[in-house]
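Residue numbers (the working numbering), protein chains in the order written: chain A, 8 to 436; chain B, 206 to 351.
Now the structure itself:
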């Protein structure tokens, strides 16, 4: 045991020595080594009720992962808590051609069914537990302030830390599952009070409400993995965590986490720790980043267009990465319907997919709005747009999105909400 | 010949040709095509990384500041490792990030093919090393560039 620096309890030492099985010992060894890399001195209990895993996709080629899952399941080394998982990579309702279908089903995600079975045996919450917005009320995996989590999925981790005040590091796939199996995670980084202090002050000086996805992108690219304390944003989004503010922060956070590697941000007068502690959260000698209209314009202009033909007409539009909240879905539906009427059109001119958690889709489909959205030609899906686009064929397809996360990881092109609305509701050229 | 001292994350020694990424290394974007199409040389498929795009990664001494991108990063690195398509070693100028650390640790515990990993080599390391240089990594975290 002397090879490890971490102070472990007797129970944890017993696990490491294999007294609860060889597999659990390897899980413990992995998390101890992982924690020691970051100076963790102890393991702490996972106190959040449920886990969240990033790996929702059965990439046929990920055999080492499936074999590892099999070893764990066969030895009874399964999750101590139920968990949600990122969205599924396929939905037959989302437009795709025959070649794409073939690539998706026979080639890329050929292990989807068997992986879904593994997730079930491992402890997934239910067949509808696939979404990146697991923290929404409709889904029910909403941690409490101070809960220690073993989650991955950068957008969910940054939301849980920042908006809900839970504590979670930016874990990788597999590490997320290991914490839920073991019931302990190494204590370092964003789990500690010190690690939650801000090393950047971001001063918002825009003349209008900044686009959430652009603001998050700017901050992510500047601070990378650091913690920013954002001043001046409450002027635009208020000082109450209502549906609008939460949706804004969901989109903002996903951009900070994907365009940079932010795992936690504080919004002055709004997010729980900023409300409680105010500027005491800011480290001495914190760096300052001022954001005005020109800076956001500069950031937007800096995005490369990697379509084969930059002047191509869009062939597909994704709205909902991360998945839309119920309020966002309703608002987008109203906007599209109104704008189509204004333009004298009945259906969108670009095939458009709105994405949301299965539970949100279900709730929305019970309303009259669902028929209006369908009539407008918009597909509503639980798919992960990122996984849909993670195939070689999509490189040739001009896809547009209002998601800065999707832009970062794929060949899709970013437009603001207003620009997207305009593009999909006007006459195609 | 220049020598740099870093911190050992996964101990081991090796000699390999340097492959240098000055920007953050997007693990999923870089390895995805190789994993999908059975490219055993693991040519980098990240179009946003001009230093590495199209370059063979398997068996190279990957020199980088940090990894970026999806939190599947550690899992992807582990897969590449278990399939024998991994870099010979990982050499970070900055302190290692949590996704790369996950990949390095998972490879060390769950495969028979651990990747020596050294971090905190300093910005001067990435300024000095060039793709194609001969790299020697020692068990104590010393990295020699020639």
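Glycine included, every Cβ here is placed at the ideal spot set by N, Cα and C.
Buried or exposed for residue 312 of chain A, please, with buried defined as at least 16 other CB atoms from any protein chain shown within 10 angstroms of its CB. Within the first chain, the letter at position 305 stands for residue 312 of chain A. An exposed status is given to residue 312 of chain A, since fewer than 16 other beta-carbon atoms sit within 10 Å of its beta-carbon.
Could you say which of A/252, A/212, A/216, A/258 lies nearest to residue 227 of chain A if we only look at CA atoms? Residue numbering aside, residue 227 of chain A sits at position 220 when the first chain is read from its first letter. Its Cα nearest to that of residue 227 of chain A, the residue A/258 stands out among A/252, A/212, A/216, A/258.
Can you confirm whether residue 220 of chain B, when its beta carbon is compared against all beta carbons of chain A, has any partner nearer than 9 Å? Residue numbering aside, residue 220 of chain B sits at position 15 when the second chain is read from its first letter. For residue 220 of chain B, no CB of chain A lies under 9 Å from its own CB, so it is not counted at the interface with that chain.
Find out if the Cβ-Cβ distance for the pair residue 263 of chain A, residue 272 of chain A is shorter than 9 Å. Within the first chain, residue 263 of chain A is the residue found at index 256, counting from 1. Within the first chain, residue 272 of chain A is the residue found at index 265, counting from 1. Against a cut-off of 9 Å, the Cβ pair of residue 272 of chain A and residue 263 of chain A comes out as a contact.
In angstroms, rounded to a whole number, what distance separates the CA positions of residue 264 of chain B and residue 293 of chain B? Here residue 264 of chain B refers to the residue found at position 59 when the second chain is read from its first residue. Here residue 293 of chain B refers to the residue found at position 88 when the second chain is read from its first residue. Their backbone Cα atoms lie some 4 Å apart in a straight line.
Suppose you measure from the CA of residue 220 of chain B to the CA of residue 350 of chain B; what does that come to, to the nearest Å? Taking the second chain and counting its residues from 1, one reaches residue 220 of chain B at position 15. Taking the second chain and counting its residues from 1, one reaches residue 350 of chain B at position 145. Roughly 10 Å between the two C-alpha positions.
Answer with yes or no whether the minimum CB distance from residue 45 of chain A to chain B is below 9 Å. Position 38 of the first chain, counting from 1, holds the residue named residue 45 of chain A. Cβ-Cβ to chain B under 9 Å: yes for residue 45 of chain A.
Mind checking if residue 196 of chain A is an interface residue toward chain B, Cβ cutoff 9 Å exclusive? Taking the first chain and counting its residues from 1, the one referred to as residue 196 of chain A is at position 189. Residue 196 of chain A counts as touching chain B.
What does the Cβ neighbour count give for residue 17 of chain A, buried or exposed, with the cut at 16 atoms within 10 Å? Here residue 17 of chain A refers to the residue found at position 10 when the first chain is read from its first residue. By the C-beta density criterion, residue 17 of chain A is exposed, having fewer than 16 other C-beta atoms within 10 angstroms.
Once you ignore the five residues that flank residue 202 of chain A on each side, which residues in its own chain have a CB closer than 6 Å to its CB? Residue 202 of chain A sits at position 195 when you count from the first residue of the first chain. Here residue 202 of chain A has 196 as same chain residues with Cβ atoms under 6 Å from its own Cβ, once five neighbours each way along the sequence are excluded.
Chain A within 9 Å of residue 331 of chain B, Cβ atoms only: The residue you call residue 331 of chain B lines up with position 126 of the second chain. Judged by the 9 Å Cβ criterion, residue 331 of chain B is not in contact with chain A.
Below 7 Å between beta carbons is the criterion; list the residues of the region 284-302 of chain B that meet it against any residue of chain A, in chain order. Hits within the stretch, in order: 284, 287, 288, 301, 302.
Rounded separation between residue 418 of chain A and residue 407 of chain A - CA only: For the purposes of this step, residue 418 of chain A is taken as the residue at position 411 of the first chain. For the purposes of this step, residue 407 of chain A is taken as the residue at position 400 of the first chain. Spanning the two alpha carbons is a distance of roughly 9 Å.
Which bits of chain B does residue 37 of chain A rub up against, with CB to CB less than 7 Å? Your numbering for residue 37 of chain A matches position 30 in the first chain. Residues of chain B whose Cβ lies closer than 7 Å to the Cβ of residue 37 of chain A are, in chain order, 310, 311, 314.
Residues within the region 422-433 of chain A neighbouring chain B, beta-carbon criterion of under 9 Å: Residues passing the 9 Å Cβ filter: none.
Residue nearest to residue 337 of chain A in terms of C-alpha spacing, selected from A/304, A/319, A/369: For the purposes of this step, residue 337 of chain A is identified with residue 330 of the first chain, where counting begins at 1. For residue 337 of chain A, the closest C-alpha among the options A/304, A/319, A/369 is that of A/369.
Selection of the region 302-328 of chain A by Cβ proximity to chain B, strictly under 9 Å: Here the close residues are 311, 313.
What would DSSP say about residue 228 of chain A, mapped onto helix, strand or coil? Translated into the one-based positions of the first chain, residue 228 of chain A becomes position 221. The three-state reading of DSSP puts residue 228 of chain A in helix, counting H, G and I together.
Buried or exposed for residue 8 of chain A, please, with buried defined as at least 16 other CB atoms from any protein chain shown within 10 angstroms of its CB. Mapped onto the first chain, residue 8 of chain A falls at position 1. At residue 8 of chain A, the pLDDT of 45 sits below 50, so the modelled position is not reliable and the matter cannot be decided from this model.
Output, in chain order, the set of chain B residues within a Cβ distance shorter than 9 Å of residue 352 of chain A. Here residue 352 of chain A refers to the residue found at position 345 of the first chain. Within chain B, no residue has its beta carbon less than 9 Å from that of residue 352 of chain A; the closest one is some 35 Å off.
Give the interface partners of residue 177 of chain A over in chain B, defined as CB-CB distance under 9 Å, in chain order. Here residue 177 of chain A refers to the residue found at position 170 when the first chain is read from its first residue. Result: 276, 302, 303, 304.
Contact under 9 Å by Cβ, residue 244 of chain A with residue 277 of chain A: In the first chain, counting from the first residue as 1, residue 244 of chain A sits at position 237. In the first chain, counting from the first residue as 1, residue 277 of chain A sits at position 270. The answer is yes: Cβ separation under 9 Å.
Would you say residue 75 of chain A lies against chain B (beta-carbon separation less than 9 Å)? Residue mapping note: residue 75 of chain A aligns to position 68 of the first chain, counting from 1. Residue 75 of chain A belongs to the set of residues whose beta carbon lies under 9 Å from a beta carbon in chain B.
Look up residue 232 of chain B in the DSSP assignment and say whether it is helix, strand or coil. In the second chain, residue 232 of chain B corresponds to position 27, counting from 1. Correct three-state label for residue 232 of chain B: helix.
What residue range does the alpha helix (DSSP H) around residue 284 of chain A cover? Counting from one through the first chain, the residue named residue 284 of chain A turns up at place 277. Start and end: 279-284.
Best match in A/119, A/85, A/157, A/25 for proximity to residue 130 of chain A [C-alpha to C-alpha]: Residue numbering aside, residue 130 of chain A sits at position 123 when the first chain is read from its first letter. Of the candidates A/119, A/85, A/157, A/25, the one whose C-alpha sits nearest the C-alpha of residue 130 of chain A is A/85.
Report the CB separation of residue 217 of chain A from residue 303 of chain A in whole angstroms; it is logged as a contact under 8 Å. Sequence index remark: in the first chain, residue 217 of chain A carries index 210 (1-based). Sequence index remark: in the first chain, residue 303 of chain A carries index 296 (1-based). By a beta-carbon distance limit of 8 Å, residue 217 of chain A contacts residue 303 of chain A. Their separation comes to about 6 Å.
Can we say the region 338-349 of chain A touches the region 151-163 of chain A, given the rule of at least three CB pairs closer than 8 Å? No contact exists between the region 338-349 of chain A and the region 151-163 of chain A.
Just checking: is the beta-carbon of residue 253 of chain B within a distance shorter than 9 Å of some beta-carbon in chain A? As a first step, residue 253 of chain B must be located in the second chain, where it is residue number 48. Output row for residue 253 of chain B: interface = yes.
Is there a C-beta anywhere in chain B that falls below 9 Å from the one on residue 96 of chain A? Here residue 96 of chain A is taken as the residue at index 89 of the first chain, counted from 1. With 9 Å as the cut-off, residue 96 of chain A does not count as an interface residue toward chain B.
Who are residue 167 of chain B's beta bridge partners in DSSP? Residue 167 of chain B is absent from the structure shown; chain B starts at 206 and stops at 351.
For chain B, is any of its Cβ atoms less than 9 Å away from the one on residue 418 of chain A? Numbered from its first residue, the first chain carries residue 418 of chain A at position 411. For residue 418 of chain A, a Cβ of chain B is located within less than 9 Å of the residue's own Cβ.
Rounded straight-line distance, which links the Cα of residue 333 of chain B to that of residue 150 of chain B: In the structure displayed, chain B extends from 206 to 351; residue 150 of chain B sits before or after that span and is not available.
Can you say whether residue 106 of chain A is buried or exposed, counting buried as having 16 or more other CB atoms within 10 angstroms of its CB? In the first chain, counting from the first residue as 1, residue 106 of chain A sits at position 99. Answer is exposed; the Cβ neighbour count stays below 16.
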